[in-house]
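Peer 1:
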Amino acid sequence: MKILYAASEARPFIASGGLADVAGSLPKAIRSKQHQCRVVLPLYGTMKPEDRAKLTFITSFQLQLSWRSQYCGIFQANEQGVVYYFIDNEYYFKRGSLYGHGDDAERFAFFSKAILEMLNYIDYEPDIINCNDWQTALVPVFLRCFYMGSERHRRLKTVFTIHNIQYQGQFGMDILGYILGLPSYQAGILEYGGCINYMKGAIETCDMVTTVSPTYAQEILTPWFAHGLDGLLRDRQYKLCGIVNGIDLASNDPATDKAMFHNFSVDSVGERIENKRALQRQMGLEESNAMLIGIVTRLVSHKGVDLIQYIFEDMMKLDVQIVLLGSGDQVYEDFFRAMQGRYPGRVSSTIGFIPDLAKKIYGSTDAFLMPSKSEPCGLAQMIALRYGSIPIIRETGGLKDTIKDLGGEDGNGFTFQSYNAHDMLGAIERCKNLYDQPGKWHDAVKHALQCDFSWDKSADAYIEMYHRVLES
Ligand code: GLC
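Using this note's numbering, you'd call the opening residue of the sequence shown number 725 and step up by one each time.
This is the structure we're talking about:
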């Protein structure tokens, strides 16, 4: 089986969120199961020079996008056995940031069309293109509208994976002809609520819609989670499924990770305390035995930051310390800065995105707080476990599928159900209760370090889903 994995970001080349982790590790896992999987990305100007140097030029052609004829270069790189293709056009992709430009509709229409056109020029004929999120959502749309007469494309199947339904790629109706080059009689494929909606187009035209956890696949059938697309998804439920993400074990290993102050494994779990002490020192926290809670998040409302804000004072009445790393909405950034000022030696707030510090937090904290309002999958809770920090999570999306309460069987964290600040406080208190029983806590941390969130099982599920798609 030959898969082409189309994404707007992938590690190690370019990353701004969880999609990059998945696109950087799932293809490797699929390949390890004796199937072919290659990745295609835009060639962004912000790629690090040392990564840019790994690329070799393959070919170029002119791409038609409505009335435009645009240069399209194809580059290739080989990274840990996986072939990556890069779509080059400096006008579209040589910019200071990945997304958020006024012409994003056109930039990612170009990218999606280039992916299909590229197949006429490269020596790889995929059976399936697995697209991800709105940036590649036009691949199945263009496939249906422009490529059905092409021998190379006729049997090609498409899977569309939703990593977050909140970002749908919504634009004015005028782009239909002017940018996409589609006639008005095909507007129905993309039109939703008076706009062009790229994600809607993909849901309509792809062979399978997947999302990144089984629970999220259920949740997006309801209005609370679906940001307007629940009705459409209920109609298309026959082709919707959820497969939970895995994490890359090699690059997330406390035994070898250079970011650790002190490397440790399940056999030397007692030494983990050295990381806690070092982090406390580095972040200006008292070197006490208080339960150290880590928070690494984008500071936006759907991450549940308002719950933390609501019970912050009550939480500080417990013997706990907080170390936060995140950036996002000003109101939350200001709040955490203020809390550091109010609780010197007990609260440390770093505003920013610092991967090395994130790892230190996973490997040094006792508990990891992630009370998301919605969470398609979430990777941080799995990485936290891998580094021995016990997750405290709200039961939603992938958080619910990966974390079970330690009060029951086979627990690996603490969970709460309703989006309620005091329910969250209750989970924190229960966690603290266990923390105060050193023997039981030691067992919980040991168990955390043994949880298996490798891609192994999920890659099997993807392959099984791909087989179903090919048979359909
Ligand atoms: C998005 C989701 C996150 C998920 C990630 C990778 O960032 O918000 O929950 O883990 O994609 O699929």
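Glycine included, every Cβ here is placed at the ideal spot set by N, Cα and C.
No experiment lies behind these values; they were computed from the predicted model shown.
The ligand GLC heavy atoms versus the CB of Asn854: any closer than 8 Å?
Peer 2: Asn854: no, Cβ never under 8 Å from the ligand GLC.
Peer 1: Just jot down, in chain order, the residues whose CB lies closer than 7 Å to any heavy atom of the ligand GLC.
Peer 2: Qualifying residues come out as Gly741, Gly742, Leu743, Asp745, Val746, His887, Asn888, Val936, Asn969, Glu1099, Pro1100, Cys1101, Gly1102, Leu1103, Gly1121 and Gly1122.
Peer 1: Mapping the DSSP letters down to three states, classify Val1169 as helix, strand or coil.
Peer 2: The answer is helix: DSSP assigns Val1169 an H, G or I state.
Peer 1: In chain order, which beta strand (DSSP E) runs of at least 3 residues are fully inside the region 959–1024?
Peer 2: For the region 959–1024, whole beta strand (DSSP E) runs of length 3 or above, ordered along the chain, are 964–966 and 1015–1023.
Peer 1: How many whole angstroms separate the CB atoms of Ile927 and Leu957, which I take to be in contact at a CB cut-off of 8 Å?
Peer 2: Going by Cβ atoms, the distance from Ile927 to Leu957 rounds to 7 Å, so yes, they are a contact pair.
Peer 1: Can you name the residues that DSSP bridges to Asp1129?
Peer 2: Looking at the DSSP assignment, Asp1129 forms a beta bridge with Gly1137.
Peer 1: Roughly how many angstroms separate the alpha carbons of Phe785 and Leu1194, rounded to a whole number?
Peer 2: In a straight line, the C-alpha of Phe785 is about 30 Å away from that of Leu1194.
Peer 1: Quick one: is His1146 buried, meaning 16 or more other Cβ sit within 10 Å of its Cβ, or exposed?
Peer 2: By the neighbour-count rule (16 or more Cβ atoms within 10 Å), His1146 is not buried but exposed.
Peer 1: Might you give, ordered along the chain, the residues of its own chain that have their beta carbon closer than 6 Å to the beta carbon of Asn671, omitting 5 neighbours on each side?
Peer 2: The requested residue 671 does not occur in the structure, where the chain is confined to residues 725 to 1196.
Peer 1: Got a sec? Which residues, its chain only, sit under 6 Å from Asn1110 by beta carbon, not counting five neighbours each side?
Peer 2: According to the sequence displayed, residue 1110 carries Arg and not Asn. Taken in chain order, the residues that qualify are Asn976.
Peer 1: Could you name each continuous alpha helix (DSSP H) segment of 4 residues or more that falls completely within the region 1019–1101, going from the start of the chain to the end?
Peer 2: Runs found: 1029–1034, 1036–1040, 1054–1066 and 1079–1088.
Peer 1: Taking C-beta to C-beta, are Leu822 and Thr882 nearer than 9 Å?
Peer 2: Against a cut-off of 9 Å, the Cβ pair of Thr882 and Leu822 comes out as no contact.
Peer 1: Look at the alpha carbon of Pro978 and the alpha carbon of Thr1021, and state the distance between them as a whole number of angstroms.
Peer 2: Looking at the two C-alpha atoms, the distance is approximately 20 Å.
Peer 1: Under a three-way DSSP split, which group does Pro728 fall into?
Peer 2: According to the sequence as given, residue 728 is Leu; it is not Pro. Strand, per DSSP.
Peer 1: If we count the other Cβ atoms within 10 Å of its Cβ and call it buried at 16 or more, is Tyr809 buried or exposed?
Peer 2: When all chains shown are included, Tyr809 counts as buried.
Peer 1: Out of curiosity, what's the CA-to-CA distance linking Gly742 and Ala974?
Peer 2: Spanning the two alpha carbons is a distance of roughly 17 Å.
Peer 1: Which whole-angstrom value is the C-beta distance of Pro907 and Glu803, which I expect to be below 8 Å?
Peer 2: Actually they are not in contact, since the Cβ atoms of Pro907 and Glu803 sit about 40 Å apart, beyond 8 Å.
Peer 1: Name, in chain order, the residues that DSSP records as bridge partners for Asp898.
Peer 2: Partner(s): none; Asp898 has no beta bridge.
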